[in-house]
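Here is the structure we will look at, set down as structure tokens.
In my numbering, the protein residues as written are 759 to 970.
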């Protein structure tokens, strides 16, 4: 399974925004964005003016890094979005929100998407009562997502739910308890349901560069 192993804090510094890739560190005093550290590289903030292409590329990179997808996955989701009815940019965001690792995170079972992806890959998550270890699976309305009933699985979800740092969006519903975490997708997510930490993403610029 391909994955990005680059230093995650450098990704945030490159885009000069919090991408929330490091768990608790992103909310603590050690976050490089809160410390106003410049972008990585020997020239830092002395970078030349960004071109029109560069602006669109940065928007695309922000979206990919925020949701933890690689270029091949992004291309597949873009293809699905172009075939769907409605605005292509909004459909792309909706598809990314439906990824199983994202749903696990937004239900509050994992502190970030990286931890959620690990939970799914290690077999801690059940979808409609069946174990699913594919983090990129697209959840459908009516699907029930549950944490496997074993101590090691439950401990991770309980610890995160106890912190209460994740706000559950309207398209999801927490149907279980803190002792037995379970949730359900009630409807397909819309543009208004996108994670509030990336609501300023300009999806139209991403579509413009994806069509090239």
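Glycine included, every Cβ here is placed at the ideal spot set by N, Cα and C.
Can you tell me which residues form a DSSP beta bridge with residue i?
i, result
"residue 930", "943"
"residue 896", "857"
"residue 883", "905"
Quick check on the burial criterion: 16 or more other C-beta atoms within 10 angstroms. Buried or exposed for residue i?
i, result
"residue 974", "With the chain running from 759 to 970 in the structure shown, residue 974 is simply not present."
"residue 925", "exposed"
"residue 918", "buried"
"residue 837", "exposed"
"residue 849", "buried"
"residue 820", "buried"
"residue 871", "buried"
"residue 955", "exposed"
"residue 811", "exposed"
"residue 822", "buried"
Rounded to whole angstroms, what's the CA-CA distance from residue i to residue j? Just pull it up for me.
i, j, result
"residue 899", "residue 856", "9 angstroms"
"residue 890", "residue 883", "6 angstroms"
"residue 759", "residue 944", "Any reading at residue 759 must be qualified, since the residue scores a pLDDT of 49, below 50, and its modelled position is unreliable; the value itself is stated next. Going by the C-alpha atoms only, they are around 30 angstroms apart."
"residue 967", "residue 813", "10 angstroms"
"residue 867", "residue 888", "17 angstroms"
"residue 949", "residue 912", "31 angstroms"
"residue 896", "residue 964", "21 angstroms"
"residue 828", "residue 908", "32 angstroms"
"residue 932", "residue 875", "19 angstroms"
"residue 902", "residue 809", "45 angstroms"
"residue 815", "residue 921", "35 angstroms"
"residue 940", "residue 852", "22 angstroms"
"residue 873", "residue 861", "12 angstroms"
"residue 970", "residue 914", "42 angstroms"
"residue 928", "residue 942", "11 angstroms"
"residue 906", "residue 930", "19 angstroms"
"residue 959", "residue 817", "7 angstroms"
"residue 869", "residue 916", "11 angstroms"
"residue 936", "residue 904", "12 angstroms"
"residue 971", "residue 863", "Because residue 971 is not part of the residues shown, which for the chain are 759 to 970, the question remains open."
"residue 846", "residue 947", "14 angstroms"
Assign residue i to one of three DSSP states: helix, strand, or coil.
i, result
"residue 841", "helix"
"residue 964", "helix"
"residue 921", "helix"
"residue 888", "strand"
"residue 868", "coil"
"residue 846", "helix"
"residue 852", "helix"
"residue 823", "helix"
"residue 911", "helix"
Thinking residue i and residue j are a contact (beta carbons under 8 angstroms), I'd like their distance in whole angstroms, please.
i, j, result
"residue 878", "residue 859", "5 angstroms"
Measure from the C-beta of residue i to each C-beta in chain D and report whether the shortest distance is under 8 angstroms.
i, result
"residue 810", "Reference to chain D is not applicable here, since this structure consists of a single protein chain."
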